[in-house]
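For reference, the structure discussed in these notes is given below.
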Amino acid sequence: MLPHLDAAYNLARYLLRDADRAQDAVQDSFLRAMTYFGGYRGGDSRAWLLAIVRNACFDQIERDRRRSGDAEFNEEIHVSDQAEPSPEATLRARVASETVERALEGLPPELREAVVLRELEGLSYKEIAHVAGVPVGTVMSRLARGRERLHRALGAGGGEEDGDAL
Amino acid sequence: MRCEEVRARVTAYVDDELDPVEGAEVAAHLEACPECARLEAAERSVRSAVAEMGTYHRAPHALRARVLGALREAPAEPATARPRRRGGSLFDLRFLVTAASAAAVVLVAVSVLPSFWRGPVPGPAEEALAGEVLNSHIRSLMASHLMDVASTDRHTVKPWFDGKLDFSPPVEDLAASGFPLIGGRLDYLGGRPVAALVYQRRQHVIHVFVWPSSRASASDAAPSPRQGYHLFHGVRRGMVYWVVSDLAPDELATFVRLIEK
Numbered sequence: 001m002l003p004h005l006d007a008a009y010n011l012a013r014y015l016l017r018d019a020d021r022a023q024d025a026v027q028d029s030f031l032r033a034m035t036y037f038g039g040y041r042g043g044d045s046r047a048w049l050l051a052i053v054r055n056a057c058f059d060q061i062e063r064d065r066r067r068s069g070d071a072e073f074n075e076e077i078h079v080s081d082q083a084e085p086s087p088e089a090t091l092r093a094r095v096a097s098e099t100v101e102r103a104l105e106g107l108p109p110e111l112r113e114a115v116v117l118r119e120l121e122g123l124s125y126k127e128i129a130h131v132a133g134v135p136v137g138t139v140m141s142r143l144a145r146g147r148e149r150l151h152r153a154l155g156a157g158g159g160e161e162d163g164d165a166l
Numbered sequence: 167m168r169c170e171e172v173r174a175r176v177t178a179y180v181d182d183e184l185d186p187v188e189g190a191e192v193a194a195h196l197e198a199c200p201e202c203a204r205l206e207a208a209e210r211s212v213r214s215a216v217a218e219m220g221t222y223h224r225a226p227h228a229l230r231a232r233v234l235g236a237l238r239e240a241p242a243e244p245a246t247a248r249p250r251r252r253g254g255s256l257f258d259l260r261f262l263v264t265a266a267s268a269a270a271v272v273l274v275a276v277s278v279l280p281s282f283w284r285g286p287v288p289g290p291a292e293e294a295l296a297g298e299v300l301n302s303h304i305r306s307l308m309a310s311h312l313m314d315v316a317s318t319d320r321h322t323v324k325p326w327f328d329g330k331l332d333f334s335p336p337v338e339d340l341a342a343s344g345f346p347l348i349g350g351r352l353d354y355l356g357g358r359p360v361a362a363l364v365y366q367r368r369q370h371v372i373h374v375f376v377w378p379s380s381r382a383s384a385s386d387a388a389p390s391p392r393q394g395y396h397l398f399h400g401v402r403r404g405m406v407y408w409v410v411s412d413l414a415p416d417e418l419a420t421f422v423r424l425i426e427k
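Those sequence lines, one after another, are chains A and B. Quick note on our numbering: the first sequence kicks off at 1 and runs consecutively. Quick note on our numbering: the second sequence kicks off at 167 and runs consecutively.
See below:
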């Protein structure tokens with residue numbers, strides 16, 4: 001199972017926006033995965049595992065929401081400031097990647113999940129639907145809304161910077 | 167197609183999730199309609215910003231160790247609480263850990279390879295060695311004994327082999343090319359101790375097995391597929407090397423070109 005560890009951690013890290021909590025959630029999920037292995041019906045083992053990870057994370061998010069007594073726990077509370085710096089990255093690239101990360105972390109978790117699985121994990125709509133337990137149409141509308149918000153957050157000016165768009 | 171129909175599909179269009187007929191209709195509309203084309207461009211610019219600049223958080227090494235530790239400990243823990251019985255939770259969990267790793271390996275194996283793909287026909291000795299190489303790769307992933315020395319620094323990995331082998335394997339870090347070195351291990355192949363170097367590409371593990379050869383240079387032009395994995399081998403500067411991974415053949419070929427340099 002450890003081949004999917006990076007995918008599991010990346011998803012948990014974005015959903016929980018905290019490195020320690022993400023590690024706890026991943027460890028938990030792998031233990032759950034072992035216990036539930038009897039429920040595994042074949043097919044894509046990565047999607048199966050990621051579904052367990054995301055459920056653990058959303059449980060956590062739900063608990064946080066209840067504890068803080070605030071339905072809008074989401075925005076800007078747990079935003080972490082530790083973007084692992086890579087030594088070879090130029091300052092500009094680092095600033096750009098931090099901007100993207102903050103914009104991602106500012107999305108509501110359902111939209112964030114769809115964008116992370118699509119853009120960083122490269123999953124298809126069908127796989128994302130499987131992980132998130134929603135219809136494919138919902139995946140598409142979450143991606144559309146997520147990207148629209150990101151576009152605003154990143155302050156991109158209508159796409160004219162993307163010359164080879166067509 | 168009308169603008170509103172196109173706009174409802176533009177997200178799926180940039181993700182290549184439309185069927186070909188719809189995709190062609192959307193493409194034709196975008197050619198002709200600058201308004202909708204602007205939306206498409208905006209969506210693509212966000213996509214590429216996230217894909218290119220978004221951080222992919224790899225699991226820290228500490229987490230890998232923690233998870234392995236937890237999985238190993240889990241079966242032992244209830245022993246004090248509950249009497250041990252066959253078929254009970256102790257036995258099941260231990261079995262499941264193994265079954266799950268085996269299943270993951272098999273799934274990876276099954277999912278990778280287009281069945282029409284065939285490599286060169288190897289000789290019997292080579293065939294046997296290829297089997298050993300592949301077994302070692304799979305076994306190390308299943309038994310979670312991937313590395314004896316975990317380090318991304320070749321100046322740590324290379325000296326580690328000193329005194330453990332009667333040769334010094336070439337160790338290169340290819341992180342700059344997207345294939346970071348993650349460690350090394352001793353292994354035993356073809357009746358001799360060999361160096362196993364472990365590289366990573368996204369979630370894929372690449373093994374390079376190295377030992378001295380009597381020949382100076384030779385190479386396989388194409389990778390040979392085996393149970394869904396791909397194997398390359400050749401001889402460079404007096405060293406035999408075997409490369410094995412579940413990585414796509416073209417990416418693995420890129421890796422081989424780098425280590426052959």
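Yeah, the Cβ is synthetic: ideal placement off N, Cα and C, and Gly gets one too.
A362/B beta carbon less than 8 Å from that of L331/B:
no
Measure the CB-CB distance between L16/A and V131/A and report whether it falls below 8 Å.
no
Which of the three DSSP states is assigned to S80/A in this structure?
Caution is warranted here: a pLDDT of 43 is assigned to S80/A, below 50, making its placement in the model unreliable, and no coordinate value can be reported.
Determine whether the Cβ of Q137/B lies closer than 8 Å to any Cβ atom of chain A.
With chain B covering 167 to 427 only, the question about residue 137/B has no answer from this structure.
Beta-carbon within less than 6 Å of E298/B's beta-carbon, same chain only, minus the 5 sequence neighbours each way: which residues are those?
L355
Could you say which of L120/A, V134/A, I61/A and G106/A lies nearest to A22/A if we only look at CA atoms?
I61/A
Among E209/B, V364/B and F333/B, the one whose alpha carbon lies nearest that of H303/B
V364/B
Does any residue of chain B bring its CB to less than 8 Å from the CB of R147/A?
yes
Would you kindly report the start and end of the unbroken beta strand (DSSP E) that includes R351/B?
L347 to L355
Taking only three categories from DSSP, how would you classify L184/B?
coil
Please tell me whether V53/A and A114/A are closer than 8 Å, where the distance is taken between their beta carbons.
no
Tell me the rounded alpha-carbon separation between T99/A and L154/A.
7 Å
Residues that DSSP places opposite S411/B in a beta bridge
I372/B and H396/B
If you follow the beta strand (DSSP E) that P335/B is part of, which residue opens it and which one closes it?
No beta strand (DSSP E) holds P335/B; DSSP gives it neither H nor E.
With respect to the beta strand (DSSP E) encompassing V364/B, which residues constitute its N-terminal and C-terminal limits?
R358 to R367
Under 7 Å by beta carbon: chain A residues contacting P231/B
Pro is not the amino acid found at residue 231/B; the sequence shown has Ala there. Near A231/B there are no residues of chain A at all, since even the closest Cβ is about 11 Å away, more than 7 Å.
For the alpha helix (DSSP H) containing K330/B, list its first residue and its last residue.
First-last for K330/B: undefined, no H or E at that position.
Those residues which DSSP pairs with M405/B across a bridge:
P378/B and R402/B
Tell me whether A103/A is buried or exposed, calling it buried when 16 or more other Cβ atoms sit within 10 Å of its Cβ.
buried
Compute the distance between the beta-carbons of T134/A and Y125/A, then report whether it is under 8 Å.
Note on identity: in this sequence residue 134/A is Val, with Thr being the wrong assignment. Contact flag unset, no.
Contacts of V26/A in chain B (Cβ-Cβ under 8 Å)
A225, L229 and V233
Checking the sheet assignment: what are the DSSP bridge partners for P391/B?
H396/B
In the DSSP assignment, find the unbroken alpha helix (DSSP H) run with A12/A in it and report its ends.
L5 to L16
I'd like the span of the alpha helix (DSSP H) that includes K126/A, first residue to last.
Y125 to A132
So with Cβ pairs under 8 Å, would you call M167/B a contact of chain D?
Within the model displayed, chain D is absent; protein chains A and B are what it includes.
Alpha-carbon spacing of D6/A relative to R224/B, whole angstroms:
5 Å
Could you spell out where the alpha helix (DSSP H) holding E206/B opens and where it closes?
P200 to M219
Across which residues does DSSP place A316/B in a beta bridge pair?
G349/B
Go to G137/A, then tell me how far its alpha helix (DSSP H) extends in each direction, as first and last residue.
V136 to A153
Which term fits P200/B, buried or exposed, when burial requires 16 or more other beta carbons within 10 angstroms of its beta carbon?
exposed
Just verifying my parser: in three-state terms, what is the DSSP assignment at S68/A?
coil
Name, please, each residue of chain A whose Cβ falls closer than 7 Å to the Cβ of D319/B.
Those do not exist, as D319/B stays about 13 Å from chain A at its closest Cβ, beyond 7 Å.
Within-8 Å CB hit, V212/B to chain A
yes
My understanding is that A231/B touches Q27/A, with C-beta atoms under 8 Å, so please give their C-beta distance in whole angstroms.
Not really, about 11 Å apart at Cβ, beyond 8 Å.
Listed by chain order, chain B residues near L16/A by CB distance under 8 Å:
Result: empty, since nearest Cβ-Cβ is about 11 Å, beyond 8 Å.
Strictly below 8 Å CB to CB, what residues from chain A border Y222/B?
D6, N10 and L120
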